[in-house]
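A short write-up of the structure that comes next.
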Amino acid sequence: MKPLLIVSDLDGTLLDSRTRVTDRTREAVQAVRKAGHTFVIATARPVRDVRPIAEALGHTGVAVCGNGSLAYDFGLDEVVDHRPIAQDAARTALAALRGGMPGVRLGTERWPELLLEDDFALDPRYCADARRVRALEDELDERGFGKLIVQADGTAPDYHRTVADLLPNGFEVTLSSGQFCEVTRAGVDKATGLARLAARLGLSSADTIAFGDMPNDLPMLAWAGRSVAVANAHAEVLAAVDEVTFSHDEDGVARYLERLVGTGC
């Protein structure tokens, strides 16, 4: 079999509903690597949140993080690709959101830290290391922002369209959870992050199998030669993919990988 690029989202896809790496999943990922394929993580999570998962998987390759804004090689322990929102563009986005969404709460991933405004509400499990700030505008400098995190009253699907309509051309707005929307610069998503990685590896979309569950996975799933959703995926994702495997609580990705490399029961 020709070497493949095998890519999986984490939350709701590779991880179970308790955000754990099961033994079956770890063994399936290792079997894929032993068979000569390249396994890559593609996630909205930042590197610091992916690191313990990579360790649990025994993954020493690349993770495309922040919805494609940054790629990190755990074997080299370094950033290998980074496409932040530039300073002027970030300033424009902040002004548009402040002007059109009174009471909006903002955060950003700026390598290597998470910045959250004082009133940004997030489960402590996901922001224990965050630096709280009065306003993101006070933190903006020549480094720009990796991605913006936008929160308002209600759930993210309620205000996703508002965020997208307020921002000028030059931005991508995605959903990976119900707690907030995520904004990257135009042309930055999981698909473009993976395309850049694949080119460096001498592989292409035709060589790629991708697994996902949420709307922010759609560009990646459309780009991949073969797209697979877990059974618990969002309705838009289920309608868009080539195949559906078992749910994340049934080791759906692992079962598919076992069949791929001939190790399944």
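First residue of the sequence shown? That's 5 in this note's numbering, and the numbers climb one at a time after it.
Ideal placement from N, C-alpha and C gives every residue a C-beta, glycine not left out.
Quantities reported herein were computed from a predicted structural model and do not represent experimental measurements.
Verify whether the separation of the beta carbon atoms of residue i and residue j is less than 7 Å.
i	j	result
A202	L9	yes
Q91	F124	no
T166	G182	no
E121	R109	yes
A258	R55	no
Would you report the Cα separation of residue i and residue j, rounded to the nearest angstrom?
i	j	result
S251	T23	13 Å
I45	D157	31 Å
E240	D217	9 Å
C185	T178	6 Å
C69	A75	6 Å
G107	D221	29 Å
F149	D162	24 Å
G104	E117	27 Å
C269	R30	Interpretation of C269 is limited by its pLDDT of 43, a score under 50 that renders its predicted location unreliable; no figure is taken from the coordinates.
R114	K151	7 Å
T96	H164	18 Å
A244	A235	13 Å
Starting from the Cα of residue i, find the closest Cα among the options and give me that residue.
i	options	result
H86	R30, A134 and R200	R200
D81	R52, L61 and I89	R52
D77	P88, E59 and A93	E59
R129	L98, R49, T188 and V187	R49
N71	A244, A195 and L242	A195
P13	V25, I89 and L264	According to the sequence provided, residue 13 is Asp. The question's Pro does not apply to it. Of the candidates V25, I89 and L264, the one whose C-alpha sits nearest the C-alpha of D13 is V25.
L261	I213, W227 and V245	I213
Rounded C-beta distance between residue i and residue j? I'm assuming under 8 Å.
i	j	result
S73	V248	Wrong, their Cβ atoms sit about 28 Å apart, outside the cutoff.
V33	H63	7 Å
L144	A100	Not a contact, Cβ separation roughly 14 Å.
A93	G197	In fact, because the Cβ distance is near 18 Å, the residues do not count as touching under 8 Å.
L205	T42	6 Å
Does the Cβ of residue i have 16 or more other Cβ atoms within 10 Å, making it buried, or fewer, making it exposed?
i	result
R147	exposed
M224	buried
G111	buried
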